[in-house]
Amino acid sequence: MAQAAYNDYLGDSYDPEKGLDIEKVKKKAQREKDKLNIVLMGATGVGKSSLVNAVFGTNIVETGDGKPKTQELKKIVIPEKGLTLWDTKGIEAKDYQATNQQLLGNIEDGIRQACESGNDDEMPHVAWLCIKESSSRVEGREFDLLQMAEKLSIPTVVVFTDTQFEKGDNFFAEAKKVIDEKHRDFIAGRYVRVNSASYPLFGTTVPVAGLDKLLEMTEQCLQESKRFSAAQRKKHLDALLKAQAVDMEKKLARMIDGAKTKVHVAAAAAGAAGASPIPMTDAPIIAGIQSTMIYTVSSEFELELDKSIGTSLIAGLLGVTGMAQVGRAIVSNLLKFIPGVGSVAGGAISGTTAFALTEALGHAYIQVLAHYFNKQTGKVELPDSTDAILAMFKAYFKK
Ligand SMILES: Nc1nc2c(ncn2[C@@H]2O[C@H](COP(=O)(O)OP(=O)(O)OP(=O)(O)O)[C@@H](O)[C@H]2O)c(=O)[nH]1
Ligand SMILES: [Mg+2]
5 MAQAAYNDYL GDSYDPEKGL DIEKVKKKAQ REKDKLNIVL MGATGVGKSS LVNAVFGTNI
65 VETGDGKPKT QELKKIVIPE KGLTLWDTKG IEAKDYQATN QQLLGNIEDG IRQACESGND
125 DEMPHVAWLC IKESSSRVEG REFDLLQMAE KLSIPTVVVF TDTQFEKGDN FFAEAKKVID
185 EKHRDFIAGR YVRVNSASYP LFGTTVPVAG LDKLLEMTEQ CLQESKRFSA AQRKKHLDAL
245 LKAQAVDMEK KLARMIDGAK TKVHVAAAAA GAAGASPIPM TDAPIIAGIQ STMIYTVSSE
305 FELELDKSIG TSLIAGLLGV TGMAQVGRAI VSNLLKFIPG VGSVAGGAIS GTTAFALTEA
365 LGHAYIQVLA HYFNKQTGKV ELPDSTDAIL AMFKAYFKK
């Protein structure tokens, strides 16, 4: 029983002979992140890619003027954010009929496949239909897309991109009216106007706008979605709030929450390993669990520890907790645990100690990452020096 618990936790990333496989650990951490899957709908050049970059804060998708940048229905996976986007083919007005048939076919095929997988992580959770506010009317293509989303039960937010502010008031009101005529219940008032990028105008700067409202309406979609269970809906919501870069306070709070849950799971696995009756094997396994936890917590904070930093950082962190010898051996993949070589109590650690030590380690590490979280960029920015990180960690660990 206890053995199963820690074996499950480490999965195939730990081998008693070879130690911990860091690449596998990182992949597992990403795989186990909460997932959010968004369908981006709208004509070419309306600003779907710009919107995604504005909301999620990175150049995750290509944007541009002129030629359609998105050539076909494209599934874009951003594992470090737990995000999957289905970017619809750049629909152009002139060959609209032909393109749209293909588009609808592609999306429907993709989604049907995803549904058949029976895997929540693969299914679309929400859609954003983008309409450029500077356009003169809502076109047939927009209605076709809405109809498709409704048919497939993908809750949708209608996003008016490139908002013209006061100048766009009339179009916005008119567009809402015509869409409500056909889709009032489905859209349920989820209309939002955004400006995804600031730009200069007559000597002033037109600011980014509306993203907070889009976030709010997307949260609403995720909470109301009938297709998913309450537990699944919570995961989608957590994924959204962790991945977004619109509200940094919310982002940080959700990342901390997510990381705490991961720490608790790791601590339980370490406790089970500590309670294991097999002598001399628990210390390296606990060190392996703690190393995995560090990568998992990092992943919750969208922080990718590269090999050199990861290795020395983990050796240092585990050093503070007394797992130094074992930890260093593990992360350098040289592990052959030799009893008595400076290890913790010759390898005999009680379940209670292992649990408490792992919790304390995890919580102190979370505080370190929260400390280095930059609320402007939405990224954890660690100093180059591992010593500085460790000094801070020690201060938190002692508390
Ligand atoms: N100022 C401003 N420019 C925008 C906005 N949305 C889009 N643009 C501009 O419009 C152009 C096209 O935007 P994209 O985001 O590439 O459009 P897209 O919908 O992804 O286009 P395809 O990939 O071709 O389907 C870019 O130059 C953007 O900078 C907006 O909200 N505000
Ligand atoms: Mg695009």
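The sequence shown begins at 5 in the numbering used here and counts up one residue at a time. Note that beta-carbon positions come from the ideal geometry of N, C-alpha and C, so glycine has one too.
Buried/exposed call for residue i, threshold 16 Cβ in 10 Å
i      : result
GLU306 : buried
LYS379 : exposed
ASN41  : buried
LYS136 : buried
TYR13  : buried
GLN227 : exposed
GLY61  : buried
VAL335 : For VAL335, the predicted model reports a pLDDT of 38, less than 50, meaning its position is unreliable; a value from the coordinates is still stated below. Counting Cβ neighbours within 10 Å, VAL335 comes out buried, since at least 16 surround it.
THR325 : buried
SER302 : buried
LEU245 : buried
GLU146 : buried
LYS340 : Model confidence at LYS340 stands at a pLDDT of 34, short of 50, so the residue's coordinates are unreliable; what they give is reported in the following sentence. With fewer than 16 other Cβ atoms within 10 Å, it is exposed.
GLU2   : The question about residue 2 has no answer here: the residues shown for the chain are numbered 5 through 403.
PHE401 : buried
ASN63  : exposed
THR296 : buried
SER347 : In this prediction, SER347 scores a pLDDT of 41, lower than 50, which makes its location untrustworthy; the coordinate-derived value is nonetheless stated afterwards. With 16 or more Cβ atoms within 10 Å of its Cβ, SER347 is classed as buried.
THR390 : buried
Residue i: first and last residue of the uninterrupted alpha helix (DSSP H) it sits in
i      : result
ARG35  : 26-35
ARG197 : First-last for ARG197: 195-197, but that is the beta strand (DSSP E), not the alpha helix (DSSP H).
ILE260 : 252-278
PHE401 : 390-402
LEU321 : 311-324
THR362 : 355-375
LEU149 : 144-155
VAL59  : 52-60
VAL301 : 286-304
THR222 : 215-228
LYS246 : 234-247
Residue i: first and last residue of the uninterrupted beta strand (DSSP E) it sits in
i      : result
ALA131 : 130-136
ALA174 : Correcting the residue identity first, residue 174 is Asn in this sequence and not Ala. Counting along the chain, ASN174 falls outside any beta strand (DSSP E), though it belongs to the alpha helix (DSSP H) covering 173-191.
PHE164 : 160-165
TYR203 : 203-205
LEU87  : 87-91
LYS22  : Looking at the DSSP string, LYS22 is not in any beta strand (DSSP E), and its letter there is neither H nor E.
LYS79  : 78-82
ILE42  : 40-46
VAL65  : Careful: VAL65 lies outside any beta strand (DSSP E) and carries neither H nor E.
THR208 : 208-210
Under 8 Å between C-beta atoms of residue i and residue j
i      : j      : result
LEU150 : THR165 : no
LYS239 : LYS39  : yes
TYR299 : LYS37  : no
VAL65  : ILE80  : yes
GLY355 : ALA276 : yes
SER52  : ASP91  : One point to set straight first is that residue 52 is Lys, not Ser, in the sequence displayed. Cβ distance < 8 Å, so LYS52 and ASP91 count as in contact.
LEU108 : LEU44  : no
THR362 : ILE260 : no
CYS134 : GLY214 : no
VAL162 : ARG194 : yes
Residue-chain proximity (residue i, chain E), Cβ-Cβ < 8 Å
i      : result
SER229 : The chain inventory of the structure shown lacks chain E, comprising one protein chain alone.
C-alpha distance - residue i paired with residue j, whole-angstrom precision
i      : j      : result
ILE393 : SER202 : 36 Å
THR222 : LEU317 : 37 Å
ALA131 : ASN123 : 18 Å
ALA273 : LEU241 : 27 Å
PRO288 : PRO128 : 41 Å
SER229 : SER157 : 8 Å
ARG188 : ALA177 : 14 Å
ALA368 : LEU322 : 12 Å
GLY262 : GLY382 : 16 Å
ALA33  : LYS180 : 42 Å
PHE225 : ILE82  : Residue identity differs from the one stated: residue 225 is Cys in this sequence, not Phe. Cα to Cα, the separation comes out at about 21 Å.
LEU256 : GLY86  : 16 Å
ARG35  : GLU253 : 25 Å
ALA192 : THR167 : 21 Å
LYS22  : LYS311 : 17 Å
VAL250 : ALA279 : 44 Å
ASP216 : GLU385 : 24 Å
VAL56  : ALA358 : 42 Å
GLY49  : THR67  : 8 Å
SER17  : PRO211 : 47 Å
GLU27  : ALA395 : 27 Å
SER174 : VAL182 : It should be pointed out that residue 174 corresponds to Asn in this sequence rather than to Ser. C-alpha separation (whole angstroms): 12 Å.
GLN105 : GLY114 : 14 Å
GLN75  : SER233 : For GLN75, the predicted structure reports a pLDDT of 49, less than 50, and the residue's modelled location is therefore unreliable. The matter cannot be settled from this model.
ASP148 : GLY314 : 49 Å
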